[in-house]
Amino acid sequence: MGGFVNAVPATADALLVVISGPGGVGKDTLIEMLLRRNPSLRYSVSYTTRPRRDYEVDGEHYSFVSVPEFASLIEAGELLEHARVGGHFYGTSARRVEEIQGAGVDVILKIDVQGAEQVRQRRPDGVYIFVLPPSMEELTRRRQERGDPARLNLERQRLAEWEMGFVDHYDHAIVNDDAERAVAELEALLERERVRRRSR
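Add 1445 to a position in the sequence shown, counting from 1, and you land on the number used in the working numbering.
Next comes the structure, spelled out in structure tokens:
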């Protein structure tokens, strides 16, 4: 591995916020609302090899790359974490995280449970948050609303159940039963973390 993975600094001033949760739980919506309401936060866009959905913008939702390009990023040591989820690869740019935190800015990562485990090993100082659905039925309904193919629903339900088994590995869990309420809870949680760290 190259130099960037181990070069990401632990900074006392800037939070590293890791958000995970099953597909369709509303992570994108919560993060978008959080960023709109808190301009000082930055989102680190992940790499992925999966096809772009109709509503997604390259470089905003994800950086979409080919499998060979993704393999080159791993080989160069450019990724803080990477994992294969649902047959596609996802990874976080160590350089982007380093640049954002180096400027004293809180950074948000949206990554799966495998990636979060990798990041925690390197950055135990991060704030790890798991987003839960109010129920599995609601999660299935949300996935259908966003246009997920019906043939994948059973597979994704099994994956969601597996992912939710990791909730105890996280510092905090938030139920996304109402986006406004969940974002307010996220904001309060992050403010408590800032106060706690300043008082150390």
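Here a beta-carbon is modelled for each residue, glycine too, at the ideal position from N, C-alpha and C.
Its Cα nearest to that of Arg-1498, the residue Arg-1591 stands out among Arg-1642, Glu-1606 and Arg-1591. Residue environment for Gln-1546: buried (at least 16 other C-beta atoms within 10 angstroms of its C-beta). A Cβ-Cβ contact shorter than 8 angstroms links Val-1552 with Val-1462. In terms of Cα proximity to Ser-1491, the closest of Asp-1623, Gly-1471, Arg-1481 and Phe-1515 is Phe-1515. The beta carbon of Arg-1568 sits closer than 6 angstroms to the beta carbons of Leu-1461 from its chain, once the five residues preceding and following it are set aside; these are given in chain order. DSSP places Thr-1493 in the strand class (E or B) of the three-state scheme. When DSSP states are grouped into helix, strand and coil, Leu-1461 belongs to the strand group. Boundaries of the alpha helix (DSSP H) harbouring Ser-1517: 1512 to 1520, taken from the DSSP string. Counting only the Cα atoms, Ser-1485 lies some 23 angstroms from Glu-1501.
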